[in-house]
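Accompanying notes for the structure given below.
4 protein chains.
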Amino acid sequence: MIKVGIVGGTGYTGVELLRLLAQHPNVTIAAITSRGEADIYVADMFPSLRGAISLKFCKPEAAELESCNVVFFATPNGIAMTQAARLLAAGVRIIDLAADFRIRDVAVWEKWYGMNHQAPEILSKAVYGLPEVNRSAIRTARVVANPGCFPTATQLGLLPLVETGCVDLDSLIADTKSGVSGAGRKAETHILFSEAADNFKAYGVAGHRHLPEIRQGLTEAAKRNVELTFVPHLTPMIRGIHATLYARITREEDFQQLFENRYADEPFVDVMPPNSHPETRSVRAANLCRIAVHRPQGGRTLVVLAVIDNLVKGAAGQAIQNMNIMFNLEECSGLTQLPVSP
Amino acid sequence: MIKVGIVGGTGYTGVELLRLLAQHPNVTIAAITSRGEADIYVADMFPSLRGAISLKFCKPEAAELESCNVVFFATPNGIAMTQAARLLAAGVRIIDLAADFRIRDVAVWEKWYGMNHQAPEILSKAVYGLPEVNRSAIRTARVVANPGCFPTATQLGLLPLVETGCVDLDSLIADTKSGVSGAGRKAETHILFSEAADNFKAYGVAGHRHLPEIRQGLTEAAKRNVELTFVPHLTPMIRGIHATLYARITREEDFQQLFENRYADEPFVDVMPPNSHPETRSVRAANLCRIAVHRPQGGRTLVVLAVIDNLVKGAAGQAIQNMNIMFNLEECSGLTQLPVSP
Amino acid sequence: MIKVGIVGGTGYTGVELLRLLAQHPNVTIAAITSRGEADIYVADMFPSLRGAISLKFCKPEAAELESCNVVFFATPNGIAMTQAARLLAAGVRIIDLAADFRIRDVAVWEKWYGMNHQAPEILSKAVYGLPEVNRSAIRTARVVANPGCFPTATQLGLLPLVETGCVDLDSLIADTKSGVSGAGRKAETHILFSEAADNFKAYGVAGHRHLPEIRQGLTEAAKRNVELTFVPHLTPMIRGIHATLYARITREEDFQQLFENRYADEPFVDVMPPNSHPETRSVRAANLCRIAVHRPQGGRTLVVLAVIDNLVKGAAGQAIQNMNIMFNLEECSGLTQLPVSP
Amino acid sequence: MIKVGIVGGTGYTGVELLRLLAQHPNVTIAAITSRGEADIYVADMFPSLRGAISLKFCKPEAAELESCNVVFFATPNGIAMTQAARLLAAGVRIIDLAADFRIRDVAVWEKWYGMNHQAPEILSKAVYGLPEVNRSAIRTARVVANPGCFPTATQLGLLPLVETGCVDLDSLIADTKSGVSGAGRKAETHILFSEAADNFKAYGVAGHRHLPEIRQGLTEAAKRNVELTFVPHLTPMIRGIHATLYARITREEDFQQLFENRYADEPFVDVMPPNSHPETRSVRAANLCRIAVHRPQGGRTLVVLAVIDNLVKGAAGQAIQNMNIMFNLEECSGLTQLPVSP
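Okay, structure coming up:
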């Protein structure tokens with residue numbers, strides 16, 4: 001059994017990790033920390049876990065995280081980078097669901113995240129945890145940077161095109177829509193029910209932190225610079241990312257076949273038949289990305305639709321997928337739940 | 001492996017049965033019928049099942065249901081009663097998720113359901129499938145009438161009181177709220193998104209078909225006539241039943257203890273601590289009923305709150321729980337998914 | 001023109017007051033205060049008001065509220081009672097949308113609101129602003145305590161029964177459901193979209209501040225003590241109150257006629273035909289209460305359904321109705337907007 | 001007073017027309033027809049109109065529409081074209097909220113709408129009712145083709161760019177999101193609450209009927225052929241269109257100023273300040289289009305955000321705006337309601 005610790009388990013990625021890990025056949029949850037909620041039963045805060053998780057939240061210093069095989073950070077940005085060194089020294093492997101280790105270029109990271117990076121040497125060795133790209137590096141990684149939700153959907157939807165260079169890499173567009181849980185479980189006005197329900201809006205058009213992450217991933221895949229316009233929107237639903245991706249065709253291909261081939265062996269990517277419109281609910285609560293490829297009116301613009309559940313393939317599920325890879329478990333272990341629909 | 005057939009799998013209870021049965025370790029799904037959708041892949045209609053269910057819908061006559069161990073009817077009311085005899089003759093056991101066998105009194109059934117009953121002799125032998133009441137009879141039943149969603153929540157919330165006779169049995173009130181999926185997957189105007197969203201209303205106050213079912217169950221539990229005012233409401237959420245139950249106390253008891261004792265051995269009923277307010281999402285997608293008991297201001301009126309997922313403990317999950325009991329499987333087999341929250 | 005000031009306009013009752021007052025033909029909005037948002041344009045905070053409200057929020061001390069004819073307090077509880085004396089001394093009339101002046105008994109108020117009352121002498125002269133009960137007193141009131149949202153719907157639904165004494169006044173039940181905007185525009189976790197959407201729950205079953213307010217109103221109407229069980233629920237919609245009210249009949253009446261007669265001259269109360277089920281959206285954004293009266297199966301329990309928009313007839317609209325009465329305007333002036341549905 | 005008739009008033013554009021016309025100071029509603037609902041009170045079908053509309057639906061032949069000054073068709077596509085000639089002969093002016101007269105090229109219309117056009121000679125004289133483009137032609141039009149909801153938002157968002165030719169007209173992209181009421185009040189499965197809630201999807205990517213309409217409008221504005229990729233999405237909200245529009249800059253301009261100048265005199269178009277993100281709720285229930293212009297990272301791609309309420313500026317409100325223009329009323333008459341938010 002893999003002995004697991006969770007730092008900062010009071011947000012949505014935390015409770016989703018708990019839901020999935022509690023059903024994982026190869027895992028023991030040793031500790032879950034929260035300074036603010038220490039000594040409170042997890043199930044008192046998250047009644048959906050009553051009967052499944054008997055742990056209390058504990059203070060980080062009482063958690064004995066050093067004895068774990070792996071520690072998940074489900075914390076705000078800026079926490080994992082201050083605690084990683086001590087755990088690594090104790091031989092613990094780390095999966096950070098926040099952004100501390102996602103961007104290789106320290107200067108870029110510091111610009112977008114507005115703080116100094118505390119552990120650039122760890123950052124330089126961290127592996128970006130998109131299994132569909134980095135599976136073998138993840139296997140031996142000491143630190144995995146779990147991708148953001150928008151970057152997961154956007155990269156999976158664009159990778160086959162970018163890797164093969166059949167579209168214009170200077171004018172990609174990602175029009176992305178997120179459920180409100182993507183904004184986290186923070187007491188902020190703009191994500192109140194009465195603000196976000198029956199409403200739709202774009203945000204961060206001038207610049208969103210996921211943009212440099214996506215650009216980095218696509219640039220590595222393309223082996224040249226990639227330019228992307230990235231517009232996120234807030235959608236009145238709890239879970240789900242829908243990425244609508246636009247690319248100008250520069251070389252003819254059988255695009256449907258290209259996608260099917262690229263993901264043929266991927267257990268968690270489903271390329272749908274031609275003319276499909278994947279719905280976010282078709283992956284709700286499951287570790288899946290569904291993709292459809294369109295070429296409207298046979299024109300020059302390709303439209304790719306990609307959906308994930310932001311809390312699963314976009315966060316906790318992908319983190320567990322990474323853990324499975326790191327510890328040589330079946331990659332699907334603990335991740336076989338079917339989507340919940342309706 | 002239990003060989004299972006499903007009749008009428010295109011509604012919400014049908015797709016939910018498929019979701020749960022596909023993850024059940026002791027089950028093979030042999031056939032799923034739909035006259036209207038014959039020869040269509042189930043996963044084309046329900047993309048959430050892509051990769052999990054490879055069956056096509058088939059015409060009933062092609063389904064070879066007689067070779068199944070058990071057949072679930074996820075059909076409209078009035079279908080199971082016409083097909084049950086043939087299946088029973090072939091040795092098949094039946095679980096009807098519709099209402100054909102729920103009410104013992106044929107005249108009452110015919111009044112509320114507006115048709116003649118086609119199989120009163122089968123009705124007379126059917127077992128009402130509320131495991132918390134009828135577990136031993138279910139074990140040997142040939143036909144199980146799976147309870148309605150409101151009746152499940154309402155009876156589980158009132159049974160401890162009614163069985164012990166500590167409240168006035170002439171003035172019970174069940175103010176119940178249902179998610180819209182409780183109305184089924186029918187193309188009807190009043191359950192359109194633009195009608196049901198951001199809106200709340202009562203319906204069927206003059207009389208709802210679940211009233212005689214609840215009254216029958218409570219009357220049997222009380223061993224005397226029980227009178228109930230039952231007011232259902234339509235709530236702008238997909239899944240979930242919340243029953244708010246009011247009873248006038250006639251004999252002092254430790255009511256919290258009464259409920260905890262009654263359900264101490266029940267795997268799917270969770271009596272919450274005093275002063276709890278169960279949320280419907282705390283049971284979303286899981287086969288669970290959570291209950292809280294209140295006595296506001298120490299007065300004479302007891303308030304019981306009970307929540308279920310109408311598609312799981314209120315339909316497909318309870319049907320599988322019944323199947324597990326009928327076939328001597330672990331009662332929790334295939335029903336261990338944790339609630340999905342948020 | 002009536003010169004109006006608003007104290008504390010950054011919550012939902014504040015923005016709703018602004019929406020309605022901006023369309024009121026007899027009103028000039030002189031100032032709107034907010035310490036936190038001073039010098040910000042109202043329309044920058046509430047873009048729905050762009051082009052209609054050109055004011056900035058200002059600090060209270062800069063607002064010259066003493067020069068207004070009437071000041072609305074759309075503040076948290078406990079503010080109006082500290083500022084009322086000064087305004088009254090300047091001849092300004094006051095409409096408090098919070099709870100400071102709603103409960104006559106200071107001890108009861110202090111128990112439920114958890115603070116000392118700062119102006120009991122003003123409280124003793126304040127008029128409870130339910131026009132359907134207190135119209136003539138409102139006309140000359142210096143201070144009007146605008147009723148709470150649950151109390152408005154519950155009292156309007158029960159008054160005809162309580163005033164005539166035809167039901168048991170010791171066992172009334174109010175099962176009430178509120179849209180999330182009823183909880184205000186506060187950054188609190190439990191009213192986040194991802195917490196409140198697709199979910200339903202009761203809250204405050206042990207005791208809610210609207211209980212003593214309702215009990216006071218019904219007791220005055222009955223001219224004897226009234227006992228009420230009051231259970232509020234949080235509903236995944238933005239606006240709307242649905243009160244489902246249960247009363248045991250003690251004297252036969254033509255209950256439909258009783259309600260129609262009681263409200264025959266009320267411009268904002270609509271008694272619907274027998275067997276109606278009022279929907280909350282049928283009053284959305286309008287100053288209306290719709291009521292239906294049911295007697296299921298001709299039994300002893302009467303069921304009354306009452307709906308309002310919590311921000312209009314349950315707050316800002318009723319406040320303007322009170323203002324119209326106080327200043328001898330047409331009672332419907334500025335309140336003729338039709339409900340928005342769907 | 002303008003005497004108005006409405007043909008087909010049982011859909012969402014019909015009830016919205018009624019809400020707005022009932023508050024219009026210069027209008028008398030003479031008749032509203034519905035074959036299916038004849039002799040039913042409008043307010044029985046739409047309780048939100050109780051007290052405001054006392055009419056019954058009547059059969060078309062009993063409606064005496066010939067005596068009206070103007071008739072609105074709120075019918076499915078294909079109805080107005082069969083009834084227009086008779087009304088025109090009687091001197092009645094026509095505003096069609098359906099698509100019968102939107103596309104000048106009969107062959108294109110027939111291809112996209114899948115039927116033969118019954119009145120090409122009327123089509124050739126109809127005026128496309130986008131006042132911001134065709135105000136003077138609308139003034140004298142006998143038949144106005146009221147634009148579709150997506151075309152209204154998309155054209156208003158792109159017109160300043162297309163008219164001035166400062167962007168690449170071969171690669172425009174319109175990623176549009178609609179509330180569910182845009183699909184009408186039809187009993188269809190895919191717009192059921194349990195299908196559309198908590199879900200997001202694209203649809204019609206291969207081709208949507210609004211594409212040729214938008215292309216026609218932009219081509220006329222550009223005075224050359226315009227190519228557009230148009231991807232509509234279904235959003236879990238009742239009302240609202242959000243168009244996210246992408247254009248490649250070909251000539252430098254002060255784009256903010258360009259938009260402000262273009263719409264400086266338009267009463268129903270609001271160009272927001274730089275860096276704004278218009279929300280759909282900021283125009284809910286009001287006849288408004290709000291627009292924001294972005295140039296992310298100063299790059300080559302311009303992003304325009306445009307929001308409308310699909311039932312108001314996208315349908316009934318714009319129809320009344322057209323009527324006001326046709327009859328020389330104040331253009332804002334009856335359209336001054338403020339948006340309802342939250």
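Protein chains in written order, with the numbering used here: chain A, 1 to 342; chain B, 1 to 342; chain C, 1 to 342; chain D, 1 to 342. All C-beta atoms in this analysis are idealised placements derived from N, C-alpha and C, irrespective of residue type, glycine included. The structure displayed is predicted, hence computed values, not measured ones.
Could you round the C-beta distance between residue i and residue j to whole angstroms and report it? I think they count as a contact, below 8 Å.
i: L97(B); j: I320(B); result: L97(B) to I320(B), Cβ: 11 Å. No contact.
i: V92(D); j: V4(D); result: Going by Cβ atoms, the distance from V92(D) to V4(D) rounds to 10 Å, so no, they are not a contact pair.
i: L234(C); j: V304(C); result: L234(C) to V304(C), Cβ: 22 Å. No contact.
i: I238(D); j: A197(B); result: 6 Å
i: A141(C); j: M326(C); result: 6 Å
i: L123(A); j: T152(A); result: Incorrect: roughly 20 Å between the Cβ atoms, too far for contact.
From the beta carbon of residue i, is the nearest beta carbon of chain B less than 8 Å away?
i: A22(A); result: yes
i: A315(C); result: no
i: E195(A); result: no
i: A347(D); result: Chain D is shown from 1 up to 342; residue 347(D) falls before or after that span and cannot be answered.
Determine which residues share a DSSP beta bridge with residue i and list them.
i: C58(B); result: T33(B)
i: L302(C); result: A247(C)
i: L234(B); result: S178(B), K201(B)
i: Y128(B); result: A145(B)
i: V345(B); result: Past the edges of chain B, shown from 1 to 342, lies residue 345(B), and the structure says nothing about it.
Between residue i and chain A, is any beta-carbon pair separated by less than 8 Å?
i: V42(B); result: no
i: S48(B); result: yes
Residue range of the beta strand (DSSP E) that residue i falls in?
i: G5(C); result: 2 to 7
i: Y246(A); result: 241 to 248
i: S178(C); result: 172 to 178
i: D270(D); result: 269 to 271
i: V143(D); result: 143 to 145
i: A285(B); result: No beta strand (DSSP E) holds A285(B); DSSP gives it neither H nor E.
i: V193(A); result: The residue asked about is misnamed: residue 193(A) is Phe in this sequence, not Val. Here F193(A) belongs to no beta strand (DSSP E); instead the alpha helix (DSSP H) covers 193 to 196.
Can you check whether the C-beta of residue i is within less than 8 Å of a C-beta belonging to chain C?
i: G344(D); result: As shown, chain D starts at 1 and ends at 342. That puts residue 344(D) outside it, with no answer to give.
i: I238(D); result: yes
How many angstroms separate the CA atom of residue i from the CA atom of residue j?
i: F73(D); j: V205(B); result: 37 Å
i: G207(C); j: A62(C); result: 39 Å
i: D44(D); j: S54(B); result: 47 Å
i: D254(D); j: D270(D); result: 17 Å
i: T154(A); j: A174(A); result: 7 Å
i: Y113(D); j: N322(D); result: 24 Å
i: Q318(B); j: M272(B); result: 20 Å
i: T244(B); j: E110(B); result: 29 Å
i: A162(A); j: Y12(A); result: Note on identity: in this sequence residue 162(A) is Val, with Ala being the wrong assignment. The alpha-carbon atoms of V162(A) and Y12(A) are separated by roughly 32 Å.
i: A38(C); j: G8(C); result: 11 Å
Between which two residues does the alpha helix (DSSP H) holding residue i run?
i: F255(B); result: 255 to 262
i: D96(C); result: Not the alpha helix (DSSP H): D96(C) falls in the beta strand (DSSP E), residues 93 to 96.
Could one say the Cβ of residue i lies closer than 8 Å to chain D's Cβ atoms, at least one of them?
i: S181(B); result: yes
i: S136(B); result: no
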